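Residue numbers for the sequence shown, in UniProt numbering: 1 to 1145.
The structure appears below as structure tokens.
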Amino acid sequence: LSFRRSLLDDDHYEQRSVLLSSLATIIRLIDEKFLEETSNKVMVVLRAATVVGEGAVAVWKEFVRRLGDRMLANLLPKILIAIQPLLKFPATNELLDNIFDRRKPLEIDQSEAFERTAMVLVNSEAGDSSRINFHLRRTSTNNSIEHIVSGCVRMLMEECETVGRVVLQKLLSVLDGNPLPDTLAASLIPALLHTMRNCGDVSLRVLSAQCLGRLAAVDPGRIGSSSGISTSDQKKIVFVDDAKEFYVDILERAWRVYSNLLDADVLDQVEFALQSLMSELVGKSDEFGIMERLSEECRRDIEPFRSSSLVQTHDRRGPIKERPVVDHVQGYEEWLLQCFIIGVPKVRQHPDKELFKALKWIVFAKDTVFTQHMLPQLIIRLILENNEDMISEYCDEMTSVLARVVSNAASWRRLAAHVVFSVLDTLEQYAIRRLAKKRPNDKELERTQAFLSRVFSEKASNGSLLVVVAAEKCQCMHRALRWCEQHEIKQDDLGCNIFDRNHFYTLERIYTQLQNVDGVLGSFECISACTSPTADERILALEANGDYNEALPLYSQSVNNKELQLIKCLLRLNQPQLALNTAISFQENDEKSSHLTSSLASSQLEATWHLRDWGRLEKMVQKCDPLLDRHDSSWGAACASILCAVKRRESVKLTERLLAARQRLVERITAKTIEDSNTYTQAYKYIANLHVLEEIDESMHSLSLLSNQKPVNLRAVLDKWQARSECVMQCSNILEPILLVRRELLRATADVGTVDRRDVDNAVTQLLVQSCRLARQSGHIQIAWTFLVEAKALGVNLKDVGMEEARFEFQKGSQSQAIGLLTKLLNTKFADMNKLFTDFVHWHESGAKSTADSPDVLVKKTSKESRAAFAEVQLLRAEYMLKSGAVAATDLYQIYLSLQRFDVPSEDLHYRVAVFCDGMYSNDTEKVRSDLVANILKSYTNALRFGRTHLFHAMPRMLTIWLDVSQKKTEAIQSRGSDARATEMNNRDNNDITQMNTEISRAFRQLDSYAFYTAFPQLISRIVHPNASVFSTLKAILADLICKYPHQCIWQSIAVYRTGPWQKNIRQERFEMLFCNYSLFSQLFFMSYWFFTHLTALQSRFALSVAILFRFWIAYFRWHSTSTNSSPFRDRSFDRNSSTLKEFG
């Protein structure tokens, strides 16, 4: 390790070659066993030697040559990662040959860790990958993105510090910005958050953040993250009074710190700490069996410290005497260290006293993750020992941190507050565990609960709980909500809740941040029921409901931060000029705090960006850059600074600002990871911001914003954006900032000249329509109108804009206006198509025959795109006419029927037609048009032909209508007499049943079997249908499904077969008729053959299957003895090696 210091010291620069030669000689001469025992530390020195350059290759060769085969196989992944910078030198060829050819290839190839490393290094962008690719490709044969991402996840979770940079760079090269499958994203996101939590290197955290942005802000609900995705959430928490388990946990964590250290001076302290821990916890005999519980690698590395005799000579500064500590230190790491070491000397009980004294030396290494874990354990130990002075001191320190973060949440104190939250969580878990033990007179539990009560009872200046306000300031809204409901509800002596205005106003604020409209309105109603609401309380309720114009007059009466809230309200109303003027007027006021001044400056930047006044914005950014200056600023101001650089095409400033923006987001996400509880959901707002930064960064190349030399594929960019939007949480406060930045990027593209202005206007209009739809669906009608006005001003894409305006008017209550807009759109934009459609409807109503110039032929000559666009408008108009009561459903039937036959390949259109026809059928099931049921079946079938979105409604409903209607008609036929009228009605009903069977058979041919398999229980339950033709169709469907899905269908069929007493009944007869189906029989014959030939190996759970197959054979012979059909034995058309039979086997 002294070699490492010398190699990195500039004073010994000229002696580096001599030092490397000496190091190689030492490696060659020392004992091989000792070399393997200290291999991790030798690797630390060799990594430092790699910086020297080509001269380090000889040292690596000597190290590899001396290692045994087994040790080389274990260390090979780390070695390959470490020598990557040396691959550009030709001398590494011999080193690689030495690694891959001389050693046992099987032992290397069988190493899973090596396979993952090979996968990461193949075609790596760092170094000269061609030198190593030849060797690696023999192992890394699976290059699928699923395999690569899974390997990277394992490496980040297991050995992040060593391989983090290489793995993250590999991920960035693999991820192209398109969303990954949900299962893959669900495994990758926790690994990236784990890296951000555990890596001290800021550059690695930024790389992790870049990967998160490229992955897209995947909705937590899509990947099961709404309840937490961190794997550590599921681990059992080990507490300081758990004795053996706690000691094992401490040694594992201390070893992890030790194995990742590179600083030789700090390493001496950690080694001394490990020696002290081993002496106290393990000793010479290890009577508690701690060593055998450790992992193999940990045991190997720390075993030598059982017999070492290290002495600590470093003199570290002790704890400071000033209190609170948060006011007398300069940074987060120093605060965390001081919080730990002030309590260590107060521990009295053995062996914990010596344990924490040893851990103090590891804490001096400033590994924040380790210290964050140990601090609550130290506090618990002091509580157990009833050290009242230290308990009081820690309570005061925690409340001081929370009070400071309430006044200023922008500094390092935010991280300190998250540590306080983590300590409170751990103490709550400890109290819950002791409560579960139900110990009588548990004093330790009482002291723990008293500690928590003291912290939770502190009040802020506004009367709310301090912990709740601090959680709000740190953007931990779910935590704030939990604590608010848990600790702020008070009761009187009778157990009735006491109304507290501050409590409900706090709930209003929290629910507003969480975008929970019902929560905001519910809190406001509680306030209104008990007292008269204030202006601030009413403003929150109005804005949650989307009534921003009604909220504006109330701001003159507001007392809580009214300046910033008013500007935000104006920006939400898409009134940037008013927002800018308001911010300037507030800025001129002399009586304002520094925080308010900074916030107003950020608001001015955001409003100027929305106005697209780039000249003014550039001057403002030059005066005070919100990203490069260390002042806290809003996300809108950060975007304004970045887009200003984009607009001015300044690549250097753009790179600097993107990096600064990512670093700020990394700080906030890292703060969330401290608690390690539901991290992704809590940090989702910041993940969405990373999503935006990645799209800006990627657009520099895909949209050629910095250079107009490269052609732009605008359609590909828009498709990728759409795919990324679909995986994001579908709410306006997340999606709207993304859409806003995209519109500015597109406008910048038009200004550069790489894309035609009209194409850009079309794309911008689509994004504005999408924003209008989001606002409208959120109930924010006033905001939706501003987007609609902007979209109409562009004068392109009139169809989408017109339809959105109609939806807007209909939701606003102007139903006739909405219908009039759609009618106008049909008569202007689609005049020719509208006339053709009118003729098409009349032609169908008259039942005329098709000729060369008939409407049905003319319709097919039009383009599919124009038909689809027209049908979308016509369908919306028909729906609005029906909902408004302008016409009856029967008057629209021919329009819907003509849309069904208009040859439009749209799942949504056919589904909506089917739902309309289904509604007509449901309104009067007794008097149904003869062709209505067939048209319902046809429309549901067409919907499933063009998509699977409505599968689990369309398929069951289609089958229900077919089976129910045919059964009713069959029962009606059986109940009628034999006169002429009855015969006529019977013939008509039989024709209707035949027509329905034809539609179902057509659907079964056109759709894949899986669509019908989803409704298999419904199909098999109707096997006793009274109509023979329906049963025949049903039998064909069931037989095909059983052949294709034997495992699933046979077991579901047993319940049907064995219903009722064990004698012949109609269900069993129908079941035997089903299995006499020829195609099904040929499959079941060989299935039963397999059962009989493997009978000795069958488990008891297959006995029923054998019995069922015997019954199938009995049914077959009964059928065969009375049938004139040829035996299946004589037909050689079936395949004995069919895939179905093999799958069943």
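Note that beta-carbon positions come from the ideal geometry of N, C-alpha and C, so glycine has one too.
Just so it is clear, the structure is predicted and the values come from calculations on it, not from any experiment.
Answer with buried or exposed for residue i, where buried requires no fewer than 16 other C-beta atoms within 10 angstroms of its C-beta.
i, result
"residue 1148", "Nothing can be reported for residue 1148: it is not among the residues displayed for the chain, which extend from 1 to 1145."
"F840", "buried"
"L424", "buried"
"H12", "exposed"
"N198", "buried"
"F808", "buried"
"F952", "exposed"
"N923", "exposed"
"I1023", "buried"
"N997", "buried"
"A980", "exposed"
Tell me which same chain residues have a C-beta within less than 7 angstroms of the C-beta of residue i, skipping the five on either side of it?
i, result
"R404", "V326 and R413"
"L349", "Note that residue 349 is Gln in the sequence shown here, rather than Leu. If we look at Q349 and ignore the five residues flanking it on each side, its Cβ neighbours are E385."
"D1040", "S1009"
"N497", "I489 and Q491"
"A417", "V401, L402, V405, A470 and C474"
"A601", "C624"
"Y940", "A914, A954, R957 and M958"
"R299", "M291"
Could you give the distance in angstroms between the alpha-carbon of residue i and the alpha-carbon of residue j?
i, j, result
"A49", "I674", "34 angstroms"
"A365", "V266", "6 angstroms"
"D268", "S259", "12 angstroms"
"A1028", "V904", "35 angstroms"
"H701", "L175", "15 angstroms"
"R323", "D396", "9 angstroms"
"V120", "K710", "31 angstroms"
"residue 1149", "I696", "Because the chain in this structure spans residues 1 to 1145, residue 1149 falls outside the shown range and cannot be described."
"E158", "L76", "15 angstroms"
"S816", "F810", "8 angstroms"
"L1104", "Y1013", "The predicted model places L1104 with a pLDDT of 48, which falls under 50 and marks its position as unreliable; any figure quoted below should be read in that light. Using only the alpha carbons, I get a separation of about 23 angstroms."
"I383", "H487", "22 angstroms"
"R724", "L690", "13 angstroms"
"S771", "F421", "37 angstroms"
"T1033", "S814", "49 angstroms"
"K799", "D719", "20 angstroms"
"I320", "N678", "35 angstroms"
Based on DSSP bridge pairs, tell me the residues matched to residue i.
i, result
"L465", "K459"
"N497", "Q491"
"residue 1152", "Only positions 1 to 1145 of the chain appear in this structure, which leaves residue 1152 out of reach."
For the candidate residues the options, whose alpha-carbon lies nearest to that of residue i?
i, options, result
"A1011", "S1021, A982, H1047 and F946", "F946"
"Q722", "A216, N40 and E62", "A216"
"V282", "G318, V52, E984 and L355", "L355"
"I781", "Q1052, Y548 and D367", "Y548"
"P345", "N387, T890 and K672", "N387"
"S407", "S461, M398 and H328", "S461"
"I1066", "N40, P1046, C1049 and S1021", "S1021"
Whose C-beta lies closer than 8 angstroms to the C-beta of residue i among residues of the same chain, with five residues either side of it excluded?
i, result
"T851", "V857"
"W483", "F456, L465, V467, V468 and A471"
"R434", "D442, E444, L445 and T448"
"V717", "S699, S702 and L703"
"K792", "V801 and E805"
"K864", "D903, V904 and P905"
"L767", "L739, R742, R743 and L746"
"R976", "A982, M985 and N986"
"E252", "L294, S295 and C298"
"A56", "L20, L46, A49, T50 and L86"
Excluding the 5 residues flanking residue i on each side, which residues of the same chain have their C-beta closer than 6 angstroms to its C-beta?
i, result
"H610", "P576"
"A358", "A273, S276 and L277"
"S603", "I567 and A583"
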